[in-house]
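In what follows, a structure is listed as structure tokens, so that the remarks can point back to it.
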Amino acid sequence: MALQAATTTVGDNREMSLVEDLTRTQIVQYAGASGDFNPLHTDEVYAKQVAGYPTVFAHGMLTMGMTARVLTDWVGDGRLLRYGARFIKQVWPGDTLTARAEVTAVREVDGQPVADFTVVTRNQADEAVLTGTATARLDP
Amino acid sequence: MTVERFPVEEGAILLFARAVGDPNLVYSDAGYAATTEVGGLIAPPTFIQSSAQFDPDYPLRPKLGQAWFGSGRTPTGRSAGTEGASGGGGTKRGTGLHAEQEYEYHRLVRPGDVLRSETRPGKRWEKQGRSGKLVFSESITEYRDEKGELVVTARSVGVITEAPVSREES
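Protein sequences appear in the order of chains D and Z. The opening position of the first sequence corresponds to residue 0 in numbering that gives the first Met the number 0, with each subsequent residue numbered one higher. The opening position of the second sequence corresponds to residue 0 in numbering that gives the first Met the number 0, with each subsequent residue numbered one higher.
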């Protein structure tokens, strides 16, 4: 069921738990699926000894991919017209992430109802790791 | 950078949906997907990123017969002389990170689509961060189908840092 313009109001929001205790294996799983094998994400030895990070960290795109679900589970399948994100802070193995989406506008584009959203994903310390915006096509 | 042929496959979509932890059956169960509004399997919103698999020159994938900058016998396979030379990697002197990503969807991506993408450079700007200079560069990628119709437009911003950073300052 897609979201309906008639019952959607600015300020409506949804929260979703994305991952608890993110594993290095899931980061590697994303590397395999996306094709991005950057050793900063997949190689502990390289990340620590060469790049100077405390350990490997998740691809920003893994967080963006996980975060999409708070929108698609809400607005319906295949309804996104636009989705953008900024990677604010690194996501580390062991992190627990929660995403929150909120309606910022309900408007019409070419006679079709759409809604604009902000989205923010936070870690277990309540720090924002990703902020973004999206636009989705609604039912009337 | 151009990806001449990016065949969108059902199995690749399944693996991608698993990797991002999205159990929605519209990405993995053709029978279920056929009963939904979209009428069949579709790709998740960020799946298009995996076009990198079909870029022959993609620098963040080990390639047969070429030195890889990740660890093997030593912490990096990249010799001191070439350190920092290729994009996307990291050294104590600098790290390439993904700062921002945006997609505009013109139509749904489905298994069976064969896409072609072309990337062009966008804006470039600099910022002074706490751990040194940050250089941002934007690229725009257009994904088109076999009829030449626009499917997805992607905008990506990368940042090169002088030292390892916590992302707050970008």
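We treat Cβ as the ideally placed atom computed from N, Cα and C, and that holds for glycine. Model, not experiment: these values are computed from the prediction.
Neighbour flag for residue i against chain D, beta carbons, 9 Å
i, result
"Gly20 (chain Z)", "yes"
"Pro6 (chain Z)", "no"
"Ile139 (chain Z)", "no"
"Pro74 (chain Z)", "yes"
"Arg154 (chain Z)", "yes"
"Ile41 (chain Z)", "yes"
"Pro44 (chain Z)", "yes"
"Ser136 (chain Z)", "no"
"Ala84 (chain Z)", "For Ala84 (chain Z), the predicted structure reports a pLDDT of 38, less than 50, and the residue's modelled location is therefore unreliable. The matter cannot be settled from this model."
Beta-ladder partner(s) of residue i, from DSSP
i, result
"Thr160 (chain Z)", "Z:Thr94, Z:Leu133"
"Arg60 (chain Z)", "Beta-bridge pairing links Arg60 (chain Z) to no other residue."
"Pro6 (chain Z)", "Z:Val113"
"Glu101 (chain Z)", "D:Gly83, Z:Arg154"
"Glu141 (chain Z)", "Z:Glu117, Z:Thr152"
"Ser128 (chain Z)", "It should be pointed out that residue 128 (chain Z) corresponds to Gly in this sequence rather than to Ser. According to DSSP, which records beta bridges pairwise, Gly128 (chain Z) is partnered with Z:Gly131."
"Glu101 (chain D)", "D:Asn12, D:Thr117"
"Glu107 (chain D)", "D:Pro112"
"Gly131 (chain D)", "D:Ala84, D:Val118"
Check whether residue i and residue j have beta carbons under 9 Å apart
i, j, result
"Pro110 (chain Z)", "Tyr52 (chain D)", "no"
"Leu129 (chain D)", "Ala84 (chain D)", "yes"
"Ala50 (chain D)", "Thr94 (chain Z)", "yes"
"Leu61 (chain D)", "Gln89 (chain D)", "no"
"Phe116 (chain D)", "Ala133 (chain D)", "yes"
"Val108 (chain D)", "Thr7 (chain D)", "no"
"Asp21 (chain Z)", "Met65 (chain D)", "yes"
"Gln48 (chain D)", "Ser70 (chain Z)", "yes"
"Ala11 (chain Z)", "Phe46 (chain Z)", "yes"
"Trp91 (chain D)", "Leu21 (chain D)", "yes"
"Gly52 (chain Z)", "Ala153 (chain Z)", "The sequence given here has Gln at residue 52 (chain Z), not Gly. The answer is no: Cβ separation not under 9 Å."
Under the three-state DSSP convention, the category residue i falls into
i, result
"Asp72 (chain D)", "helix"
"Leu40 (chain Z)", "coil"
"Glu148 (chain Z)", "coil"
"Ile87 (chain D)", "coil"
"Pro22 (chain Z)", "coil"
"Thr73 (chain Z)", "coil"
"Ser27 (chain Z)", "coil"
"Gly31 (chain D)", "helix"
"Glu126 (chain D)", "coil"
"Ala1 (chain D)", "coil"
"Leu13 (chain Z)", "helix"
Chain Z contact for residue i (CB, 9 Å cutoff)
i, result
"Asp35 (chain D)", "yes"
"Thr41 (chain D)", "yes"
"Gly31 (chain D)", "yes"
"Phe116 (chain D)", "no"
"Thr71 (chain D)", "yes"
"Gln111 (chain D)", "no"
"Met65 (chain D)", "yes"
"Gln28 (chain D)", "yes"
"Leu2 (chain D)", "no"
"Arg121 (chain D)", "no"
"Arg13 (chain D)", "no"
"Arg106 (chain D)", "no"
Chain-ordered chain B contacts of residue i [CB-CB under 8 Å]
i, result
"Arg81 (chain D)", "Looking at the structure shown, chain B is missing, and the protein chains on hand are D and Z."
Task: Three-pair Cβ contact test at 8 Å for the stretch 130 to 143 of chain Z versus the stretch 120 to 128 of chain D - done: no
- [ ] Evaluate contact between the stretch 110 to 120 of chain Z and the stretch 1 to 16 of chain Z, counting only Cβ atoms and requiring at least three cross-stretch pairs below 8 Å.
- [x] yes
Task: Validate contact between the stretch 95 to 110 of chain Z and the stretch 71 to 82 of chain D using beta carbons, cut 8 Å, 3 pairs - done: yes
Open item on the list: Check whether the stretch 55 to 69 of chain D and the stretch 10 to 18 of chain D touch, using three or more Cβ-Cβ pairs below 8 Å as the test.
Closed with: yes
Open item on the list: Taking 8 Å as the cut-off, does the stretch 13 to 32 of chain Z touch the stretch 58 to 68 of chain Z (at least 3 CB pairs, one atom from each stretch)?
Closed with: no
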